[in-house]
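Residue numbers (the numbering used here): 15 to 563.
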Amino acid sequence: MASFLPGGPATSDRIDDLAAELTLSLELSRGEGCDLAATQRAADRLAEAFHGAIVAAEAAERDESNESLDDVYKLVESAYRQWKAVDAAFAQTIRLAYEHQVPRANLLIDDVRASLERKVGEPIAEAYTELRTRWAAHVDSRPWDSFLNRAPQHVDRGPLEGALNALARGDDLDVEDAIGALANGLRYAFAEHLNTHPEDLDDLEVGIWKRPEVLVASDFWGHPKRTRLLDILAHSGSERSRTSAKTLAKLFAPNPKGAAAVVRALDDVHESQRERFTRCLMLHPDYEVRRYAANNTDINSIWKVVTPEAVPCATILSLLERLVGSSRYTTAQRKIFFDAVYRRLLSLTTRSDVLYARGIVRIFVKLNFFLEDSYFHKLSTLMDYLASKEKLHGINDGLLADYIARMRTEKAKAGSIPSEDPSFDGIPLVVLRKLARDGHFWHVLITHPIAKIARETVAHVSTKDRALQIANNHRVNSEVLRGLGRKRELFSALPAKMALLSNPQTPIAVSMNYVSDLTLQDVEALLRRSTVHPELRNQLRAKYDAVKR
15 MASFLPGGPA TSDRIDDLAA ELTLSLELSR GEGCDLAATQ RAADRLAEAF
65 HGAIVAAEAA ERDESNESLD DVYKLVESAY RQWKAVDAAF AQTIRLAYEH
115 QVPRANLLID DVRASLERKV GEPIAEAYTE LRTRWAAHVD SRPWDSFLNR
165 APQHVDRGPL EGALNALARG DDLDVEDAIG ALANGLRYAF AEHLNTHPED
215 LDDLEVGIWK RPEVLVASDF WGHPKRTRLL DILAHSGSER SRTSAKTLAK
265 LFAPNPKGAA AVVRALDDVH ESQRERFTRC LMLHPDYEVR RYAANNTDIN
315 SIWKVVTPEA VPCATILSLL ERLVGSSRYT TAQRKIFFDA VYRRLLSLTT
365 RSDVLYARGI VRIFVKLNFF LEDSYFHKLS TLMDYLASKE KLHGINDGLL
415 ADYIARMRTE KAKAGSIPSE DPSFDGIPLV VLRKLARDGH FWHVLITHPI
465 AKIARETVAH VSTKDRALQI ANNHRVNSEV LRGLGRKREL FSALPAKMAL
515 LSNPQTPIAV SMNYVSDLTL QDVEALLRRS TVHPELRNQL RAKYDAVKR
């Protein structure tokens with residue numbers, strides 16, 4: 015069963031050991047900055063061991079006797095679990111680097127992660143799904159011992175059920191998150207579910223077709239050579255849904271008649287779907303098609319296209335050309351566009367991404383708002399990251415260096431310019447939630463009345479100074495204070511603790527966790543503050559009276 019490679023045999027123990035080695039290396043070195051070469055070597059060793067599991071899965075597929083199916087299934091399932099753990103360690107390191115809690119140099123490990131996903135993540139997920147299908151058929155043919163030999167629950171069962179429930183019954187924010195998860199990390203589990211439970215599409219179709227561009231971004235850019243969800247949807251669900259999936263897939267199929275034929279095909283799309291399909295065409299590989307779609311849709315559609323995780327840099331460039339090339343769009347909208355794509359531009363894992371990002375930066379450096387202090391800092395960070403990526407991909411024409419020199423010269427002449435927060439009028443909730451999640455305008459969005467948006471800012475209140483600032487803000491969303499209140503280390507100082515308990519928005523359950531820390535003098539001080547929540551005031555009064563007796 016095992017495949018003997020230079021790195022050793024394909025065994026669960028070897029994969030476990032190499033995965034643990036890589037994960038531990040990421041966790042221990044992220045504080046100083048991960049050694050890119052050492053991380054790559056550890057990833058290569060892990061990829062060799064995973065390759066053995068993939069070869070074993072392919073051999074089991076050819077073995078019609080199913081003699082090795084049980085052993086191979088256990089090996090591949092274990093490997094898949096380890097891949098999820100390793101990928102989570104990469105994601106955590108990159109997230110902390112983006113939030114500047116560890117050195118920004120850690121962002122550069124995204125190339126290693128992307129390479130490992132192509133070599134390991136996608137193939138092992140595909141092998142795991144196929145073996146589960148094979149195992150289910152094997153068990154169905156042996157009903158006399160199916161109880162003893164039935165397949166265990168899918169590794170992704172919990173997240174999958176949560177995403178399916180959100181897709182069927184959630185609001186627009188829930189639906190976007192659900193489709194994003196199902197189209198990316200849960201892609202193979204979702205594909206298996208659709209194949210084995212096609213009747214569930216009756217509940218899922220409405221959610222799926224709210225944001226088809228998320229599927230398109232993942233099908234044709236994020237996972238171009240693997241299972242496409244549109245192909246599965248083309249053969250499952252209602253007739254209307256199948257027709258929509260087939261039509262959309264056809265729009266993205268190679269067309270010898272060029273962009274004009276693709277655009278004409280929109281005439282055959284039902285009016286109720288045309289705006290959504292035009293949104294999807296902003297993700298088309300053909301530049302002329304992207305430009306047509308960008309010029310024939312409204313600003314709300316543009317916002318929805320830039321939110322998917324797998325939005326290609328080619329699309330960002332086409333949309334930016336429209337926003338800059340038309341006087342219809344305000345400086346505020348251009349600022350928000352930059353902030354909405356900023357996180358994506360700090361994840362360039364292919365040479366194509368880098369080249370498109372150069373075109374994007376070429377336009378950005380001409381916009382005046384980048385002379386404002388905070389935007390200048392963001393653009394400088396982006397350009398430094400892009401310079402590192404150019405070096406990795408052997409791009410040495412000096413063009414980016416000219417942009418950097420020109421921008422810094424202009425900033426030196428302009429001097430310090432305080433940044434002005436843009437107006438959020440007319441900006442869809444999905445974009446506001448993305449801005450909050452990425453840490454932009456957290457000091458404003460932390461007061462947003464919709465908890466799902468405000469809660470995204472909690473991760474960015476990572477210092478005691480910020481925690482004190484938020485605790486003193488009596489307009490902050492109560493759900494934010496609920497999340498922050500669990501982080502006792504942020505409120506270890508008495509002023510922060512008193513500010514938190516004095517905030518009328520602080521949930522009583524959070525406040526009660528701190529009451530035992532208070533001295534009698536602290537209680538007296540709080541009772542003199544008019545902003546203390548009435549229920550907390552009663553508890554403090556009772557504590558005060560008990561001590562005074």
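Beta carbons: idealized from backbone N, C-alpha and C, even for Gly. Owing to the predicted nature of the structure, the values given are computational and were not obtained by experimental measurement.
- Within the same chain, L215, D216, E219 come within 8 Å of S252 by CB-CB distance, once the 5 residues on both sides are set aside.
- Following the DSSP letters along the chain, one finds T321 in no alpha helix (DSSP H), marked with neither H nor E.
- Excluding residues up to 5 positions away in sequence, L40, T107, N120, I123 lie with their Cβ nearer than 7 Å to the Cβ of C48 in the same chain.
- Under the criterion of beta carbons closer than 8 Å, A67 and L83 do not qualify as touching, at roughly 14 Å.
- With a contact defined as Cβ atoms closer than 8 Å, E470 and A485 miss out at about 18 Å.
- Secondary structure remark: continuous beta strand (DSSP E) runs of at least 3 residues inside the region 215–243: none found.
- The residue from L514, V524, T329, S43 with its alpha-carbon nearest to that of R118 is S43.
- Across the set A177, A203, D367, the C-alpha of A177 shows the shortest separation from the C-alpha of G194.
- Shown here, T311 sits in coil according to DSSP, grouped into three states, outside any helix or strand.
- In the DSSP annotation of this structure, the continuous segment of the alpha helix (DSSP H) that includes L446 starts and ends at 443–451.
- Contact between G236 and V189 does not hold, since their C-beta atoms are separated by about 18 Å, which reaches or exceeds 8 Å.
- Rounded to the nearest angstrom, the gap between the Cα atoms of S530 and P518 is 19 Å.
- Distance from the CA atom of L515 to the CA atom of R555, rounded to whole angstroms, is 14 Å.
- Nearest neighbour of A307 by Cα position, chosen from F291, T395, T261, turns out to be F291.
- A465 is positioned such that its CB atom lies no closer than 7 Å to that of E424.
- Each of K562, A150, R59, I246 was checked against the Cα of A197, and the nearest Cα belongs to I246.
- Nearest to R304 by C-alpha distance, out of A61, G497, V325, S255, is V325.
- In the structure shown, the three-state DSSP call for Y558 is helix.
- Between the alpha carbons of P299 and H474 lies a gap of roughly 35 Å.
- When the beta-carbon positions are compared, Q96 and A192 stay at least 7 Å from each other.
- Taking a C-beta distance under 7 Å as the contact criterion, V368 and K403 qualify as a contact pair.
- For G412, the secondary structure class from DSSP, reduced to helix, strand or coil, is coil.
- For secondary structure counted as the alpha helix (DSSP H) over 4 or more consecutive residues, the region 349–402 holds these complete runs in sequence order: 365–378.
- With fewer than 16 other Cβ atoms from the protein chains shown falling within 10 Å of its own Cβ, H114 counts as exposed.
- At a cut-off of 4 residues, the continuous stretches assigned as alpha helix (DSSP H) that sit fully inside the region 270–297 are 273–279, 285–295.
- Residue range 83–112 is occupied by the alpha helix (DSSP H) that includes V86.
- In this structure, the CA atom of V100 is about 12 Å from the CA atom of T53.
- In terms of CA proximity to G408, S366 leads the group S366, S394, F438, K271.
- Here the C-alpha atom of S340 lies approximately 36 Å from the C-alpha atom of A128.
- A contact between stretches requires three or more CB pairs, one per stretch, nearer than 8 Å, and the region 142–153 meets this requirement with the region 201–208.
- Excluding sequence positions up to five before and after R336, its CB lies within less than 7 Å of the CB of A308, N309, all in the same chain and listed in chain order.
- Shown here, L200 sits in coil according to DSSP, grouped into three states, outside any helix or strand.
- It is roughly 44 Å from the alpha-carbon of G272 to the alpha-carbon of R55.
- Just measuring C-alpha positions, the residue of D536, Y399, S286, L262 sitting nearest S361 is Y399.
- Within the region 125–195, the complete alpha helix (DSSP H) segments of 4 residues or longer fall at 136–154, 160–163, 171–183, listed in chain order.
- In chain order, S492, L495, R496, G499 place their CB closer than 8 Å to the CB of P521, counting only its own chain and leaving out the 5 sequence neighbours on each side.
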